[in-house]
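> Have a look at this one before I ask anything.
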Amino acid sequence: MSGWQVHEAQQRFSEVVRRAVDEGPQVVTRHGEEVAVVIGIAEYRRLKDGTPDFSRFLLADPDGDDDIEAVILKRHSC
Numbered sequence: 001m002s003g004w005q006v007h008e009a010q011q012r013f014s015e016v017v018r019r020a021v022d023e024g025p026q027v028v029t030r031h032g033e034e035v036a037v038v039i040g041i042a043e044y045r046r047l048k049d050g051t052p053d054f055s056r057f058l059l060a061d062p063d064g065d066d067d068i069e070a071v072i073l074k075r076h077s078c
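Reminder that position 66 of the sequence shown reads as 66 in full-length UniProt numbering, one-by-one numbering, no gaps.
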């Protein structure tokens with residue numbers, strides 16, 4: 001992953017985007033702290049499609065226990 005300071009990333013944004021597409025994620029730092037990452041659209045879509053939102057996660061669990069209260073009580077009784 002390549003790193004860019006914020007002011008440099010602003011001045012060379014086209015290059016940051018090109019490198020994100022060609023080389024992978026580009027980390028942006030402010031005062032030495034990582035604050036953002038620029039990624040190509042293909043990587044974004046892969047990440048977005050591969051991670052369900054929380055409500056989908058809860059609804060999609062076919063092995064989930066419907067009686068959450070019983071699960072909690074069981075865990076606290078051990």
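Ideal placement from N, C-alpha and C gives every residue a C-beta, glycine not left out. The structure displayed is predicted, hence computed values, not measured ones.
1) Are the Cβ atoms of valine 6 and valine 38 separated by less than 8 Å?
2) Specify the secondary structure class of alanine 70 as computed by DSSP and reduced to three states.
3) Let me know the secondary structure DSSP gives glycine 50 once reduced to three states.
4) Identify, in the order they occur along the chain, each residue of the same chain with its Cβ nearer than 8 Å to the Cβ of glycine 32, setting aside the five sequence neighbours on each side.
Reading from the atomic positions:
1) Cβ distance not < 8 Å, so valine 6 and valine 38 don't count as in contact.
2) Correct three-state label for alanine 70: helix.
3) Correct three-state label for glycine 50: helix.
4) Apart from sequence neighbours up to five positions away, no residue of its chain approaches glycine 32 with a beta-carbon distance below 8 Å.
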